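K.L.:
Handing you this structure, nothing more for now.
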Ligand SMILES: NC(=O)c1ccc[n+]([C@@H]2O[C@H](COP(=O)([O-])OP(=O)(O)OC[C@H]3O[C@@H](n4cnc5c(N)ncnc54)[C@H](OP(=O)(O)O)[C@@H]3O)[C@@H](O)[C@H]2O)c1
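In our numbering, the protein residues as written are 9 to 410.
Set out below in structure tokens:
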């Protein structure tokens, strides 16, 4: 069996660490050749010593210097800055890049992987939200496979690859609907007034999944599901009106595909990201993952409800509207959301301010402008962040405006 060489973007994060766990369980199958992260020199160094990649990179130059000094005299190349992280994305020795940097910072390094012809295991949903058309066009042009890691999209990918993918384009597929399941997050069933005073610690304590901070807040606001609707649109070529959200608090059914003949195919498993990571790394083969196999006799009742109440969780509707509007709307939505989540985590704005800030940013942006290049995407992202920060200055907790 040929060993698959993996470049891992975001190795120190939740997905990155889980991916290394899967990789370490299969030394005969995978080899880590390159690692990249933001600023966590300590964890990156441990990973470098354990997995002995050809190269590592940290976006933060000072942290990269710490790693460079610690690895002096060893044969591991140490890179730094955005350029260094991009080099890891397209690392020559890699067969596949696992993209797990959080947020917009993942866009350029993941595009570097695509342009270098590397298959991509995609956890970073933000790059599809920001530049879905451009990204998928670039993937097609370079003959690159984009295999989702997000559990919902992995579920749909597994269902559609179960022999029915072509039916999407045929008569049978004309009625295909994607049903994304949602745990509902820590505030499922809460009323709007209860959400006013919630703290970052409350919002970060997800009932089912252990994840990084940004996606945990996105999950609490239901923006995560909105970003996933946009991600599903670009990954599977299905229009927004055929992508539904269903709340399923047990997080056992990871998503479903409903066909015109009345069949609904679902993928199930324990809520553990090492399963979709293993699927993406080994596809089309199946490998063992360090996850207990689901036992439906002990899993307890599985329950399903309609989508989150839009009056309580408006972020999901904002994302649907941005997808339908197209143009710059998804990139503005994403940029504003990233600013809002960071501000909420720093206690500069309240929980209910997150959708307010995003709506205000969208209202003030010129959404009709064409997005023909990555430069256009980055410009729209920059503009959105600037305006979102204006909202914080005007209406955030420290402001004088009431
Ligand atoms: N966690 C999940 O279960 C899950 C599930 C589905 C999808 N996803 C998606 O996967 C992505 C990662 O999520 P996560 O939960 O793993 O996030 P996380 O735990 O916060 O980890 C983020 C990773 O990105 C790195 N990073 C941050 N800024 C960077 C930059 N400018 N340049 C290079 N690296 C940078 C971090 O490095 P430092 O540690 O050095 O800061 C860290 O390695 C997100 O897009 C998320 O939506 C996650």
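Just so you know, even glycine gets a beta-carbon here, dropped at the ideal spot from N, CA and C. Remember, it's a predicted structure, so these values are computed and weren't measured experimentally.
Apart from the five residues on each side of it in sequence, which residues of its chain come closer than 6 angstroms, Cβ to Cβ, to residue 280?
P.N.:
Position 272 of the chain shown, counting from 1, holds the residue named residue 280. For residue 280, where only same-chain residues beyond five positions count, the Cβ hits under 6 angstroms are 299.
K.L.:
Ignoring anything shorter than 4 residues, give me the alpha helix (DSSP H) runs that lie fully in the region 18 to 54, in order along the chain.
P.N.:
Complete alpha helix (DSSP H) runs here, min 4: 22 to 32.
K.L.:
Would you mind listing the alpha helix (DSSP H) stretches within the region 54 to 128 that are 4+ residues and don't spill past its ends, in chain order?
P.N.:
For the region 54 to 128, whole alpha helix (DSSP H) runs of length 4 or above, ordered along the chain, are 69 to 78, 89 to 97 and 115 to 123.
K.L.:
Excluding the 5 residues preceding and the 5 following residue 215 in the sequence, name in chain order all residues of the same chain whose CB lies nearer than 7 angstroms to its CB.
P.N.:
If you number the chain shown from 1, residue 215 lands on position 207. Excluding residues within five positions, the ones whose Cβ falls inside 7 angstroms are 191 and 194.
K.L.:
Please name the residue or residues paired with residue 276 in a DSSP beta bridge.
P.N.:
Here residue 276 refers to the residue found at position 268 of the chain shown. Residue 276 pairs with 261.
K.L.:
Note down the Cα distance separating residue 68 from residue 49, rounded to an integer number of angstroms.
P.N.:
Counting from one through the chain shown, the residue named residue 68 turns up at place 60. Counting from one through the chain shown, the residue named residue 49 turns up at place 41. If you take the alpha carbons of residue 68 and residue 49, they lie about 9 angstroms apart.
K.L.:
Quick one: what's got a C-beta closer than 6 angstroms to residue 274's C-beta in the same chain, skipping five residues either side?
P.N.:
Indexing the chain shown from 1 puts residue 274 at position 266. Cβ neighbours of residue 274 beyond the five flanking positions: 261 and 264.
K.L.:
Under the three-state reduction of DSSP, which class applies to residue 283: helix, strand or coil?
P.N.:
Residue mapping note: residue 283 aligns to position 275 of the chain shown, counting from 1. Looking at residue 283 - three-state DSSP - the assignment turns out to be helix.
K.L.:
For residue 67, is the beta carbon positioned less than 6 angstroms from some heavy atom of ligand 1?
P.N.:
Translated into positions along the chain shown, residue 67 becomes position 59. Because some heavy atom of ligand 1 lies under 6 angstroms away, the Cβ of residue 67 counts as near it: yes.
K.L.:
Checking the sheet assignment: what are the DSSP bridge partners for residue 2?
P.N.:
Not covered by the structure: residue 2. The range shown for the chain is 9 to 410.
K.L.:
Go to residue 155, then tell me how far its alpha helix (DSSP H) extends in each direction, as first and last residue.
P.N.:
As a working note, residue 155 is residue 147 in the chain shown. Run containing residue 155: none in the alpha helix (DSSP H); it sits in the beta strand (DSSP E), 154 to 156.
K.L.:
For residue 385, report the span of its alpha helix (DSSP H) as first-last.
P.N.:
The residue given as residue 385 occupies position 377 in the chain shown. Residue 385 -> alpha helix (DSSP H) spans 382 to 403.
K.L.:
Determine the direct distance from the alpha carbon of residue 83 to that of residue 188, and round the result to whole angstroms.
P.N.:
Here the question's residue 188 lines up with position 180 in the chain shown. Here the question's residue 83 lines up with position 75 in the chain shown. The alpha-carbon atoms of residue 188 and residue 83 are separated by roughly 45 angstroms.
K.L.:
Select from 11, 138, 72 and 126 the residue whose C-alpha is nearest the C-alpha of residue 339.
P.N.:
The residue given as residue 339 occupies position 331 in the chain shown. The shortest C-alpha separation from residue 339 is found at 138.
K.L.:
For the alpha helix (DSSP H) that contains residue 293, what are its first and last residues?
P.N.:
For this step, residue 293 is matched to residue 285 along the chain shown. It is not in any alpha helix (DSSP H) - residue 293 carries neither H nor E in the DSSP assignment.
K.L.:
Which whole-angstrom value is the C-beta distance of residue 158 and residue 131, which I expect to be below 8 angstroms?
P.N.:
Reading the chain shown from its first residue, position 150 is the one you call residue 158. Reading the chain shown from its first residue, position 123 is the one you call residue 131. The Cβ separation is near 6 angstroms, so the contact holds.
K.L.:
Exposed or buried, which one is residue 307 when buried takes at least 16 other CB atoms within 10 Å?
P.N.:
The sequence position of residue 307 within the chain shown is 299, counting from 1. Burial call: exposed.
K.L.:
Quickly, what does DSSP pair residue 130 with across the bridge? List them, please.
P.N.:
Here residue 130 is taken as the residue at index 122 of the chain shown, counted from 1. Answer is 107 and 156.
K.L.:
Say yes only if the C-beta of residue 343 is nearer than 6 angstroms to one or more non-hydrogen atoms of ligand 1, and no if none qualify.
P.N.:
For the purposes of this step, residue 343 is identified with residue 335 of the chain shown, where counting begins at 1. Checking the Cβ of residue 343 against ligand 1 gives no.
K.L.:
Where residue 30 and residue 62 are concerned, what is the direct C-alpha to C-alpha distance, given to the nearest angstrom?
P.N.:
Here residue 30 corresponds to residue number 22 of the chain shown, with the count starting at 1. Here residue 62 corresponds to residue number 54 of the chain shown, with the count starting at 1. Residue 30 and residue 62: Cα-Cα distance of roughly 19 angstroms.
K.L.:
Below 8 angstroms on the Cβ atoms is my contact criterion, and I expect residue 15 with residue 42 to pass it. Report the Cβ-Cβ distance as a whole number of Å.
P.N.:
For the purposes of this step, residue 15 is identified with residue 7 of the chain shown, where counting begins at 1. For the purposes of this step, residue 42 is identified with residue 34 of the chain shown, where counting begins at 1. Contact flag correct, Cβ pair sits at about 4 angstroms.
K.L.:
Which word fits residue 127, buried or exposed, when buried means at least 16 other C-beta atoms lie within 10 angstroms of its C-beta?
P.N.:
Along the chain shown, one-based indexing puts residue 127 at 119. With 16 or more other Cβ atoms within 10 Å, it is buried.
K.L.:
Three Cβ pairs or more, each shorter than 8 angstroms: is that satisfied between the region 315 to 325 and the region 44 to 58?
P.N.:
No, they do not touch.
K.L.:
Would you say residue 337 and residue 369 are within 7 angstroms of each other, going by their C-beta atoms?
P.N.:
One-based indexing of the chain shown puts residue 337 at position 329. One-based indexing of the chain shown puts residue 369 at position 361. In this structure, residue 369 does not lie closer than 7 angstroms to residue 337 by Cβ.
K.L.:
Using DSSP's beta-bridge definition, name the partner residues of residue 12.
P.N.:
Counted from its first residue, the chain shown places residue 12 at position 4. Residue 12 is bridged to 38.
K.L.:
Mind checking if residue 12 is an interface residue toward chain D, Cβ cutoff 7 angstroms exclusive?
P.N.:
Any reference to chain D falls outside this structure, which holds one protein chain only.
K.L.:
In whole angstroms, give me the CA-to-CA distance for residue 375 and residue 310.
P.N.:
Locating residue 375 in the chain shown gives position 367, where the first residue counts as 1. Locating residue 310 in the chain shown gives position 302, where the first residue counts as 1. Each residue's alpha carbon lies about 41 angstroms from the other.
K.L.:
I want to check one thing, is the minimum distance from the CB of residue 138 to the heavy atoms of ligand 1 below 6 angstroms?
P.N.:
Here residue 138 corresponds to residue number 130 of the chain shown, with the count starting at 1. Outside the cutoff, so no.
K.L.:
Looking at the secondary structure, which residues open and close the alpha helix (DSSP H) in which residue 230 lies?
P.N.:
Residue numbering aside, residue 230 sits at position 222 when the chain shown is read from its first letter. Run containing residue 230: none; DSSP gives neither H nor E here.
K.L.:
With a threshold of 6 angstroms (Cβ to nearest heavy atom), would residue 348 be considered close to ligand 1?
P.N.:
Along the chain shown, one-based indexing puts residue 348 at 340. No, the beta carbon of residue 348 sits no closer than 6 angstroms to any heavy atom of ligand 1.
K.L.:
Keeping to the same chain, check which residues put their C-beta closer than 8 angstroms to that of residue 397; ignore five residues upstream and five downstream.
P.N.:
For the purposes of this step, residue 397 is taken as residue 389 along the chain shown, with counting starting at 1. If we look at residue 397 and ignore the five residues flanking it on each side, its Cβ neighbours are 347.
K.L.:
Quick one: using the 10 Å Cβ neighbour count with 16 as the cut-off for buried, is residue 305 buried or exposed?
P.N.:
For the purposes of this step, residue 305 is identified with residue 297 of the chain shown, where counting begins at 1. By the 10 Å Cβ count, residue 305 comes out exposed.
K.L.:
Can you give me the start and stop residues for the alpha helix (DSSP H) that residue 215 sits inside?
P.N.:
The residue given as residue 215 occupies position 207 in the chain shown. Here residue 215 belongs to no alpha helix (DSSP H), and DSSP marks it neither H nor E.
K.L.:
Between the beta-carbon of residue 222 and the beta-carbon of residue 110, is there less than 7 angstroms?
P.N.:
The residue labelled residue 222 in the question sits at position 214 within the chain shown. The residue labelled residue 110 in the question sits at position 102 within the chain shown. Yes, the Cβ-Cβ distance between residue 222 and residue 110 is below 7 angstroms.
K.L.:
Just to confirm the assignment, what range does the alpha helix (DSSP H) spanning residue 343 have?
P.N.:
Position 335 of the chain shown holds residue 343. Element bounds for residue 343: 337 to 353.
K.L.:
For a quick check, are the C-beta atoms of residue 286 and residue 295 less than 7 angstroms apart?
P.N.:
Within the chain shown, residue 286 is the residue found at index 278, counting from 1. Within the chain shown, residue 295 is the residue found at index 287, counting from 1. Closer than 7 angstroms, so yes.
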